[in-house]
Amino acid sequence: DVKVTQSSRYLVKRTGEKVFLECVQDMDHENMFWYRQDPGLGLRLIYFSYDVKMKEKGDIPEGYSVSREKKERFSLILESASTNQTSMYLCASSPGWGGISYEQYFGPGTRLTVT
Amino acid sequence: RKEVEQDPGPFNVPEGATVAFNCTYSNSASQSFFWYRQDCRKEPKLLMSVYSSGNEDGRFTAQLNRASQYISLLIRDSKLSDSATYLCVAPRGGADGLTFGKGTHLIIQP
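Protein chains in written order, with the working numbering: chain A, 44 to 158; chain B, 85 to 194.
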């Protein structure tokens, strides 16, 4: 069974804080993804990674950065949190090289509130 | 044209009925498609894959119409537990993973 875990289910941070969201997968998947999900907007891709130390911008990368130092771990960083980054953040992983469109497996999500 | 479009619903359907909804996609080169199910405040989970003309799994049937660029999901003998949001998923352009529709909200009523 594929398992994707995220470091926190709920997180409350203050405006301007640096925020780290961690994601770990145990299936040796090459690809990992970070999304945010907001009512009426669906899932929007922030960043993804095909391999260790590789990263690609998604549709809404502004205000975010990522780190992938190990294959199983993909971190999302909010350099200076703002209230418009209050959202549900979902991490996903998928097998296959080069981001080929295999099905993705999601973590349980982190509901981040920035006050 | 948006990459993946779905009717957001909600679809209110009596228990035991058959319900179907469609999703259109814009990338004509897409080869593989998926339906995901998402329960309230939960993560999306893969329901079905659609790689060719269609796929059937128990009460669920997914079909692909390449000429008209849509995929459909049919649920027969609907159960209360089928109430969820169903996300249509298609490949993004190039090799950049998947793009998700905004979802169709289904409510099965007793």
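Beta carbons are placed, not taken as given, at the ideal position from N, Cα and C, and that holds for glycine.
Interface criterion not met: the Cβ of B/Leu157 is under 9 Å from no Cβ in chain A. Per the C-alpha coordinates, the member of B/Ser114, B/Ala101, B/Gly93 and B/Glu87 positioned closest to B/Ile159 is B/Ala101. Interface flag for A/Glu146 against chain B is set, since a Cβ pair is found closer than 9 Å.
In the DSSP assignment, B/Ser156 falls within the unbroken beta strand (DSSP E) covering Tyr154 to Ile159. Looking at the backbone, the Cα of A/Ser136 and that of A/Gly152 are separated by about 13 Å.
Here the alpha carbons of A/Asn74 and A/Pro104 stand approximately 17 Å from one another. Interface annotation, A/Leu88: in contact with chain B, CB-CB separation under 9 Å. For B/Ser133, the nearest beta carbon of chain A is closer than 9 Å to its own beta carbon. The Cβ atoms of A/Thr129 and A/Arg57 lie no closer than 9 Å to each other. Taking a C-beta distance under 9 Å as the contact criterion, B/Ala168 and B/Ser156 do not qualify as a contact pair. By the rule that beta-carbons nearer than 9 Å mark a contact, A/Phe117 does not touch chain B. Here the alpha carbons of A/Gln147 and B/Met132 stand approximately 12 Å from one another.
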